[in-house]
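Here the structure comes first, spelled out in structure tokens, and everything after it is commentary.
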Amino acid sequence: MPVCPNCKYEYVKGIDRCPDCGSELVDQLPPEIILNESDWVVIYTTSFDYEAEMLKGNLESAGISATILSQKDSSFPAPGDLSIIKLLVKKEDAESAVTFLNEFKKSLKSENEEDETE
Ligand SMILES: [Zn+2]
198 MPVCPNCKYE YVKGIDRCPD CGSELVDQLP PEIILNESDW VVIYTTSFDY
248 EAEMLKGNLE SAGISATILS QKDSSFPAPG DLSIIKLLVK KEDAESAVTF
298 LNEFKKSLKS ENEEDETE
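In our numbering, the protein residues as written are 198 to 315.
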């Protein structure tokens with residue numbers, strides 16, 4: 198799984214740049230610097246609280262436990278006003294969570310045809 202060499206967070210495949218520090222993610226870190234609580238993996242990042250809460254609720258209703266981590270809770274200062282909220286799931290749930298999120302985003306898209314940003 199891609200990992201940020203600075204922040205030590207792991208990300209799911211498809212994310213290639215750390216949303217916190219802008220570093221390019223690397224494939225893996227030397228084992229000694231992986232976070233102890235590394236059974237959690239970041240599957241989604243957003244700057245909107247409500248979006249994180251909504252996705253967390255949706256994942257949980259699908260039987261996937263999720264947790265939200267925002268820089269407001271952390272002790273290191275965020276650059277500027279940028280507040281990145283991370284949505285984490287257990288590693289063993291990561292694949293199904295990503296599948297779930299993709300399906301969920303698809304369904305959002307078809308509901309908001311006029312809001313095409315891609
Ligand atoms: Zn980083």
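Ideal Cβ positions, reconstructed from N, Cα and C, are used throughout, including at glycine.
Please report the Cβ distance between residue i and residue j, rounded to the nearest whole angstrom; I am assuming they are in contact, meaning their Cβ atoms lie under 8 angstroms.
i      : j      : result
ALA291 : ILE212 : Actually they are not in contact, since the Cβ atoms of ALA291 and ILE212 sit about 12 angstroms apart, beyond 8 angstroms.
LEU285 : ALA263 : 7 angstroms
ILE265 : ILE282 : 6 angstroms
SER220 : PRO202 : 6 angstroms
SER244 : SER280 : 6 angstroms
LYS287 : ASP236 : 6 angstroms
Have a look at the DSSP bridge pairing and note the partners of residue i.
i      : result
TYR208 : VAL239
GLU292 : Paired residues: none, contrary to the question.
GLU318 : Residue 318 lies beyond the residue range present for the chain, which begins at 198 and ends at 315; the question has no answer from this structure.
Can you tell me whether residue i is buried or exposed? The criterion is at least 16 other CB atoms within 10 Å of its CB, across all chains shown.
i      : result
VAL223 : exposed
LEU256 : buried
CYS215 : buried
LYS205 : exposed
TYR208 : buried
SER307 : exposed
ILE230 : Confidence is the limiting factor: at ILE230 the pLDDT is only 41, short of 50, which leaves the residue's position unreliable, though a coordinate-based value still follows. Label assigned to ILE230: exposed.
ASP217 : buried
LEU252 : buried
Could you spell out the range, first to last residue, of the beta strand (DSSP E) harbouring residue i?
i      : result
LEU171 : Outside the modelled stretch of the chain, which goes from 198 to 315, sits residue 171, for which no answer is possible.
Let's see if you can read the secondary structure: which residues bound the alpha helix (DSSP H) around residue i?
i      : result
LEU266 : First-last for LEU266: 263 to 267, but that is the beta strand (DSSP E), not the alpha helix (DSSP H).
MET251 : 246 to 258
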